[in-house]
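Its first residue numbered 1, the sequence shown is counted upward by one per residue in the UniProt record's numbering.
Below is one structure; the comments refer to it alone.
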Amino acid sequence: MMPPRLSLPSPSEVEPIIEDLSPDCAHATLDSVISQAKDFIRSMESLRNAHAKISRLPREVLSTILAMAVEPASYDSEPVPWREHVKITAVCTLWRAITLQTPGFWACIPFQPCKQLPEMIARSRAHPLSVRLHVSPPLALWHQLAPHLPELLNPRRLLDFHLSAEKRIYFSDLTSLTRASLEQFPTVPTPLLRSLKIALNITTTLPIHVLTAPKPSLRHLTLNDVEVDWTALSDSGKIQITSLLSLDLARIRPAIPLPVLYELISSSPDLQSLKILLCLPTDTTSPATHEVSLDSLRSCHLQDPRLDRILGVLQWLKARLLMVIWKIQSAFTYHPNTPFEEADSTRVKSLLSIFGIASDSTLAASLPPYRKLTFIRDPEGPFRMSFTCRHEHQESLSITLSVQAFQTVLTALSLPKLVSLSMGLEDLDASYHVWSYFFRRLPSLQHLRVSSDQAARLFDAALGPTPMISKTLASPFLLQRLALVWIKNTYYQRPKALASSLKIRHAAGLALQQMVIVSCRGFNQKFVEEVEDVVTRFTFDGAFCSNTEDSSDGSETDRGSDSTDDDDDLDDVY
């Protein structure tokens, strides 16, 4: 139904009125009519807002919606700034009135030293407080925070307490500021506290009561760069922290004792995220630990200079998703060409066995099969190895390799269900014999992607007929299901041998379905012409195509010169 005609005049009605007026009076009259029209529009818009669906909600429902609008997405997300809160209150009179009567709307603001701080605290009233203090210059303002700490750290109201600082702050300046905050942390139970985060860029002494005071609702604990007196902690009572969902410990001095770590993890069966960086227990042989299964774990990251400490934790911690980073402590004195020590080799194999990806692993049958493997050259130098194992839906494994551990990993891995293999190895290389031994353990491999200047012997083993290493091989071709080969950013020194291998595979009925060569040097037009006839789909960008002939004859002697006829000789390789 059309609305009735309202009293606002139309231009045709106004025009006769101003015809006989002087120009100045006509303009004044028109301005008056325009002003009346604008007031009319504003009143209609206000009336429309009053009848909007959200405005017709009960006030308590709208209050809840506005409070949720400024609530952080997670316990670790940054809170909505003060300015954004003010913008919401300026939407309309109704919203302003409701937000001023909603303490929860003001209870999760960054409580930084500013002129609005008393107003923030007052508007939050008795609502639980999410206090996140990020110390940044100018530091003179932070001393104004001291009078408000008792209210901010009220044990009956404290919901979250996060204390962090920018790296550019000097040690002496930061120490005095953080000491006051930590010393005034409640010594009595904090029944509502759900997350506690101390993450500073300097080593800070943590008062014992921060850990021992009861926190029945605590679900997220982060301690970075803190110094803890574990002896005093054991004397004053055990840590009363259970049922955690996330635990993040980094660079704690001294390292956390095994009984404390075991107590934290074993009392948190629903733990979803675990990170322990450079502070794993030095005691790895305690007989008091029993196996702990964390079926809900979604993220796990362990890092330590000594692999035996990582293995010590993994002896009793059973997780389905795990990242391990091992950094060799003597990185500054260790020469890249120094032989890999037997003890290190044994530990690497033990680590692979724990993940169920070693040839002698007893867990392989009980774990989901990996279908994707990625090798990565360590960008920080040849002194680190990391493993990331994902089960669930991704079923992928990535390994960041050091020069020393490379051949050990190749000869120890066993992934019979692996479908896809990616390698970004740069200067990492292995002998033809090791590559052959490695590919024998990948019978299901279909996709091979390589970016390495040391790829010639790899492809000799992957594509060409293999000298009979063992009588158990039914075919001279190791990767009989291989369908796709992708080569990028490589200087290939022996393309003639590669073309020869592809021809032999084609003749044996094992032709590649697709081959892609991108931004590679060393290939010439003759190679392209030969390969086009033996690969179903061949893609070559030709960016660095050479007109010179390949000098290598690709003979069997060249390809297998470092191999032997007995599997037992592999012991000499690693």
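Every residue, glycine too, gets a C-beta built ideally from N, C-alpha and C.
No experiment lies behind these values; they were computed from the predicted model shown.
Contact between the segment 155-166 and the segment 195-212 is established, with three or more Cβ pairs separated by less than 8 Å.
Secondary structure at Phe540: strand, using DSSP grouped into helix, strand and coil.
Within its own chain, the residues whose Cβ lies closer than 7 Å to the Cβ of Pro214, once the five positions on either side in sequence are excluded, are Pro189, Gln240, listed in chain order. Beta-bridge annotation (DSSP): Leu271 is not paired with any residue. In the structure shown, Ser414 falls within a coil segment according to DSSP collapsed to helix, strand and coil.
Boundaries of the beta strand (DSSP E) around Arg449: 447-451. Here the alpha carbon of Ser22 sits roughly 13 Å from the alpha carbon of Pro16. Judged by DSSP secondary structure, Gln514 falls within the beta strand (DSSP E) whose first and last residues are 514-518. Just so you know, the alpha carbons of Met423 and Gln514 end up roughly 18 Å apart. Rounded to the nearest whole angstrom, the C-alpha separation of Val14 and Ser46 is 26 Å.
Under the three-state reduction of DSSP, Thr190 is assigned to coil, being neither helix nor strand.
With a 10 Å radius around the Cβ and a threshold of 16 neighbouring Cβ atoms, Thr400 comes out buried. If you look at Phe161, you'll find it in the beta strand (DSSP E) that goes 158-165. When DSSP states are grouped into helix, strand and coil, Lys197 belongs to the strand group. CA-CA distance, Leu244 to Ala511, rounds to 54 Å. If you compare the alpha carbons of Ser63, Leu62, Pro9 with that of Phe40, the shortest gap goes to Pro9.
In the three-state scheme derived from DSSP, where H, G and I count as helix and E and B as strand, Asp429 is classed as coil.
If you draw a 10 Å sphere on the C-beta of Ser293, you find fewer than 16 other C-beta atoms in it, and that means exposed. With a beta-carbon spacing of about 6 Å, Pro110 and Arg132 fall inside the 8 Å limit used to define contacts.
Judged by their CB atoms, Leu223 and Ile265 are not nearer to each other than the 8 Å cut-off. When C-beta atoms of the segment 151-159 are compared with those of the segment 179-189, three or more pairs fall below 8 Å, so the two segments count as touching.
A distance of 8 Å or more separates the beta carbons of Trp106 and Arg83.
By alpha-carbon distance to Asp225, the top candidate from Leu249, Thr231, Val210, Leu445 is Leu249. Looking at Tyr370, Arg505, Asp541, the one whose alpha-carbon comes closest to that of Val518 is Asp541.
Secondary structure of Glu227 (DSSP, three-state): strand. For Tyr432, the closest C-alpha among the options Thr408, Pro113, Leu458 is that of Leu458.
Ranking Leu418, Trp435, Leu425, Leu421 by CA distance to the CA of Leu410 puts Trp435 first.
Here DSSP, grouped into helix, strand and coil, assigns Trp142 to helix.
Looking only at Gln454, Gln525, Leu297, Leu261, the smallest Cα-Cα distance to Pro281 is reached by Leu261. Setting aside the 5 residues that flank it on each side, Leu445 is surrounded in the same chain by Leu418, Val419, Leu421, Leu479, Arg481, Leu482, each with a C-beta closer than 7 Å to its C-beta; the list follows chain order. In the three-state reduction of the DSSP assignment, Tyr262 falls in the helix class. Annotated three-state conformation of Asp248 is strand, per DSSP. DSSP places Asn489 outside both helix and strand once states are collapsed to three, so it counts as coil. In the displayed model, Gly424 falls within a strand according to three-state DSSP. Straight across, the Cα-Cα distance linking Leu94 with Leu373 is about 58 Å. Secondary structure of Ser243 (DSSP, three-state): coil.
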